[in-house]
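Colleague: Got a structure here, written out as structure tokens. Questions coming.
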Amino acid sequence: MKLTELRQLTGSFDNWQKAINNKELDLVEVAESLENLLQLVQDKYQAFITIRERSEILKELRENVEKRRPLLGWPFTMKDIFITKGIRTTASAKLLEDYIPPYSSTVYKRLQKAGGTLMAKTNCDAWGFGASTENSDFYPSRNPYDPTRVPGGSSGGAAVAVATGVSSFDISEDTGGSIRQPAALSGVTGFKPTYGSISRYGAIAFSSSLDTVGIIGRRIEDIIRVFSLIKGPDKLDATVYPQQKLTQLMLPSKLRNLTIGYLPEIMKEGVDKEILQAINEVKDFYKQELGVIFKEVKLPHFKYGVATYYVLAPSEASSNLSRYDGNRYGCDRTAFTDEAIRRIIIGTFSLASGYYDAYYLQALKVRRLIYEDFLRAFNLVDVLLLPTTPTSAFKIGEKSGDPLQLYLQDIFTIPASLAGVPGISFLVRLSSRGLPLGLQLVGPHFKEDLLTSLIAFWQEKKKTHLVYPQIEDE
Ligand code: GLN
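Counting in numbering that gives the first Met the number 0, the sequence shown runs from 0 upward without gaps.
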């Protein structure tokens, strides 16, 4: 099977469903083509930690098709922080290099039941700490549009898998930007729903008041389909909100009365010209096509997001990581690497009596102010349009010596995480250098329908979900 044919199948559930229903697919050939592409993507971009055997993939594909499960075997990947029974799960950390879990995360179980076929576990920054996958304890992943650059992180391998077209979607996790930022840098769609939408049972915990399970994919309709299959209450995770509505796309006529807020004041410094241009293009598009009204809004505490996050997230991480004490998961290679050690120290310090009030408690107060900024903004506008990242993909090694520079990558994604509101990054176009430019829509709690409808309208007109990097010498 040719790469373009395979991409048509993984890139649209409608195409996949049609091909399965018309019995056009030879599943042996599909499994073989998927494996070849997985290998190619691994060789060139190091997107995976574990790739499943072709025979296992084929067996599950067949079963999912035969039993007519809702996803009909549609092949997907998972960030390697989700516990998968019998399949190695490492969080891209050496410490868990040989960990084969005896149970499965709720999301994985739900996807098995829904008939998705898991192909591989994707590479990320170890424990989810980073914005480039350079902090993976195994190897960095590479940007599919330019292998000398990073794909973003921490879910970098996930974004590569979807961007190259080997994976239909990747189940990922976003604490401060880990879904939206790599989606932006690698040219795909990064969906972080409202905090508490999807069960985190069996997701390796980083910062529990922020960790949000989400999806990296292409067409927003397909992302909603997967979302509806995995969200909702779980008796194993008390933080999931029980009364969630179905996310449904609104008709374009319903979008005409919307007001979108934009934030010129947060974009004054350090934002690439081309990203600012992209903001204007998207504004013009929605104005012209839908008559949407744009209003300037201010989020006065937005600028404190990164500082607040880098007290709270390491504090919670230092507590969550204390379970890797050498007794439970072994300690042959007691391998916490630099970034994890840095966070354990910062977190422990912020929580220590004597410093607690000055750092941890203070950060909690600022978090509340940021949350209130969003609530106030959403009294004035329906959703917000903002950059996902300050720049397009940077070079491997360019920022790895300076943690602060990497932390600043998340300047536009962290505030929505602190407020627990949904945010979706979508591809606007490629830059003059051929690198993806992504922007973000952020909305009120549980208003995923507004965000997805606006993006669906964009994709329908602009076909940006069909943009792929060239990965073979054709
Ligand atoms: N880049 C951020 C960090 O390093 C966010 C990571 C994430 O969302 N998992 O913490």
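Glycine is no exception: its CB is placed at the ideal position from the N, C-alpha and C atoms. All values derive from a computational prediction rather than experimental measurement.
Given that a residue counts as buried once 16 or more other Cβ atoms are within 10 Å of its Cβ, and exposed if not, what is D25?
Modeller: Stepping through the sequence shown from its first residue, residue 25 is reached at position 26. The residue is exposed, with fewer than 16 neighbouring Cβ atoms inside 10 Å.
Colleague: Mind listing, in chain order, the residues whose beta carbon lies closer than 6 Å to a non-hydrogen atom of the ligand GLN?
Modeller: Going by the Cβ distance cut-off, the answer is G127, F128, G129, A130, S153, D173, T174, G175, G176, S177, F205, A312, D409.
Colleague: In the DSSP assignment, the beta strand (DSSP E) including S321 goes from what residue to what residue?
Modeller: For the purposes of this step, residue 321 is taken as the residue at position 322 of the sequence shown. Element bounds for S321: n/a, residue is neither H nor E.
Colleague: To which residues does DSSP link F202 through a beta bridge?
Modeller: Locating residue 202 in the sequence shown gives position 203, counting from the first residue. Note that residue 202 is Ala in the sequence shown here, rather than Phe. The partner list for A202 (beta bridge, DSSP) reads F81.
Colleague: For S171, does the three-state DSSP call read helix, strand or coil?
Modeller: By 1-based counting over the sequence shown, the position of residue 171 is 172. S171 falls in the strand class under three-state DSSP.
Colleague: Between S32 and the rest of its own chain, which residues show a CB-CB distance below 6 Å, the 5 nearest in sequence each way excluded?
Modeller: Within the sequence shown, numbered from 1, the residue matching residue 32 stands at position 33. Correct list, in chain order: M0, L5.
Colleague: Assign G85 to one of two classes, buried (16 or more other C-beta atoms within 10 Å of its C-beta) or exposed (fewer than that).
Modeller: If you number the sequence shown from 1, residue 85 lands on position 86. Looking at its Cβ environment, which holds fewer than 16 other Cβ atoms inside 10 Å, G85 is exposed.
Colleague: Apply the 10 Å Cβ neighbour rule to D124 and answer buried if 16 or more other Cβ atoms are within range, or exposed otherwise.
Modeller: Position 125 of the sequence shown, counting from 1, holds the residue named residue 124. That one is buried.
Colleague: On the premise that A130 lies in contact with E172, defined as a C-beta separation below 8 Å, what is that separation, rounded to the nearest angstrom?
Modeller: Mapped onto the sequence shown, residue 172 falls at position 173. Mapped onto the sequence shown, residue 130 falls at position 131. Actually they do not touch by this definition, with Cβ atoms about 14 Å apart.
Colleague: Contact check, D271 vs T390 under 8 Å by CB: the rounded distance?
Modeller: Against the sequence shown, residue 271 aligns to sequence position 272. Against the sequence shown, residue 390 aligns to sequence position 391. Confirmed, about 5 Å.
Colleague: Just mark Y328 as buried or exposed, buried being the case when its beta carbon has 16 or more other beta carbons within 10 Å.
Modeller: The residue labelled residue 328 in the question sits at position 329 within the sequence shown. Classification for Y328: exposed.
Colleague: Between which residues of its own chain and K398 is the CB-CB distance below 6 Å, once the five residues before and five after are set aside?
Modeller: For this step, residue 398 is matched to residue 399 along the sequence shown. So the qualifying residues of the chain are Q404, L405.
Colleague: What does the alpha-carbon distance come out to for the pair F205 and P313?
Modeller: Sequence index remark: in the sequence shown, residue 205 carries index 206 (1-based). Sequence index remark: in the sequence shown, residue 313 carries index 314 (1-based). Straight-line Cα distance between these residues: approximately 8 Å.
Colleague: Just to confirm the assignment, what range does the alpha helix (DSSP H) spanning V159 have?
Modeller: Here residue 159 refers to the residue found at position 160 when the sequence shown is read from its first residue. Residues 155-163.
Colleague: By the three-class DSSP mapping on this structure, what secondary structure does S32 have?
Modeller: Translated into positions along the sequence shown, residue 32 becomes position 33. Correct three-state label for S32: helix.
Colleague: Might you give, ordered along the chain, the residues of its own chain that have their beta carbon closer than 7 Å to the beta carbon of I219, omitting 5 neighbours on each side?
Modeller: Numbered from its first residue, the sequence shown carries residue 219 at position 220. Only T188, T451, I454, A455, Q458 meet the Cβ criterion.
Colleague: Grab me the residues of Q7's own chain with a C-beta within less than 8 Å of its C-beta, minus the 5 sequence neighbours each way, in chain order.
Modeller: Numbered from its first residue, the sequence shown carries residue 7 at position 8. Once the five neighbours on either side are set aside, the close Cβ partners of Q7 are N14.
Colleague: Please report the residue range of the beta strand (DSSP E) in which A237 lies.
Modeller: Looking up residue 237 in the sequence shown gives position 238. It is not in any beta strand (DSSP E) - A237 carries neither H nor E in the DSSP assignment.
Colleague: Return the first residue and the last residue of the alpha helix (DSSP H) that A119 is part of.
Modeller: Taking the first residue of the sequence shown as position 1, residue 119 is located at position 120. It is not in any alpha helix (DSSP H) - A119 instead sits in the beta strand (DSSP E) that spans 116-121.
Colleague: Does the pairing of the region 131-148 with the region 159-169 give three or more beta-carbon distances under 8 Å?
Modeller: Because the criterion of three Cβ pairs below 8 Å is met, the region 131-148 and the region 159-169 touch.
Colleague: To the nearest angstrom, how far is it from the Cα of L502 to the Cα of H464?
Modeller: The structure shown does not extend to residue 502, since the chain is modelled only from 0 to 473, so the question has no answer here.
Colleague: Can you have a look at Y309 and say buried or exposed, based on whether 16 or more other CB atoms are within 10 angstroms of its CB?
Modeller: By 1-based counting over the sequence shown, the position of residue 309 is 310. Y309 is buried by the Cβ-count criterion.
Colleague: Is DSSP giving E471 helix, strand or coil here?
Modeller: Within the sequence shown, numbered from 1, the residue matching residue 471 stands at position 472. Note: E471 maps to coil in three-state DSSP.
Colleague: Starting from V106, trace the alpha helix (DSSP H) both ways and give me its first and last residue.
Modeller: Counting from 1 along the sequence shown, the entry for residue 106 is found at position 107. Where V106 is concerned, the enclosing alpha helix (DSSP H) stretches over 105-113.
Colleague: By the DSSP assignment, the alpha helix (DSSP H) with S477 in it spans what residues?
Modeller: The requested residue 477 does not occur in the structure, where the chain is confined to residues 0 to 473.
Colleague: Following the continuous alpha helix (DSSP H) through R342, name the residue where it begins and the one where it ends.
Modeller: On the sequence shown, residue 342 is found 343 positions in, with the first residue counted as 1. From DSSP, the alpha helix (DSSP H) with R342 extends over 337-350.
Colleague: Return the CA-CA distance between R366 and D356, expressed in angstroms with no decimal places.
Modeller: Counting from one through the sequence shown, the residue named residue 366 turns up at place 367. Counting from one through the sequence shown, the residue named residue 356 turns up at place 357. Spanning the two alpha carbons is a distance of roughly 14 Å.
Colleague: Can you have a look at Y102 and say buried or exposed, based on whether 16 or more other CB atoms are within 10 angstroms of its CB?
Modeller: As a first step, residue 102 is located in the sequence shown; it is residue number 103 there, counting from the start. Counting Cβ neighbours within 10 Å, Y102 comes out exposed, since fewer than 16 surround it.
Colleague: Within this structure, are the beta carbons of F377 and P443 separated by less than 7 Å?
Modeller: In the sequence shown, residue 377 corresponds to position 378, counting from 1. In the sequence shown, residue 443 corresponds to position 444, counting from 1. Cβ distance < 7 Å, so F377 and P443 count as in contact.
Colleague: Considering Cα atoms alone, identify which of K394, Q45, R217 is closest to K461.
Modeller: For this step, residue 461 is matched to residue 462 along the sequence shown. Of K394, Q45, R217, the residue nearest in Cα terms is R217.
Colleague: So E273 and S431 are in contact, right, with Cβ under 8 Å, and what is the actual spacing, rounded?
Modeller: As a working note, residue 273 is residue 274 in the sequence shown. As a working note, residue 431 is residue 432 in the sequence shown. Confirmed, Cβ separation roughly 7 Å.
Colleague: Could you have a look at E447 and say whether DSSP puts it in helix, strand or coil?
Modeller: Counted from its first residue, the sequence shown places residue 447 at position 448. Note: E447 maps to helix in three-state DSSP.
Colleague: Decide if the region 41-60 is in contact with the region 115-123; the criterion is three or more beta carbon pairs, one per stretch, under 8 Å apart.
Modeller: Yes, they touch.
Colleague: Is the number of C-beta pairs between the region 255-267 and the region 285-297 that are closer than 8 Å three or more?
Modeller: As far as the Cβ criterion goes, the region 255-267 touches the region 285-297, which means the pair count is three or higher.
Colleague: Inspect the beta-carbon positions of V106 and I222 and report whether they are closer than 7 Å.
Modeller: Locating residue 106 in the sequence shown gives position 107, counting from the first residue. Locating residue 222 in the sequence shown gives position 223, counting from the first residue. In this structure, I222 does not lie closer than 7 Å to V106 by Cβ.
Colleague: Identify whether N256 lies in helix, strand or coil by the three-state DSSP scheme.
Modeller: Residue mapping note: residue 256 aligns to position 257 of the sequence shown, counting from 1. N256: coil per DSSP, three-state reduction.
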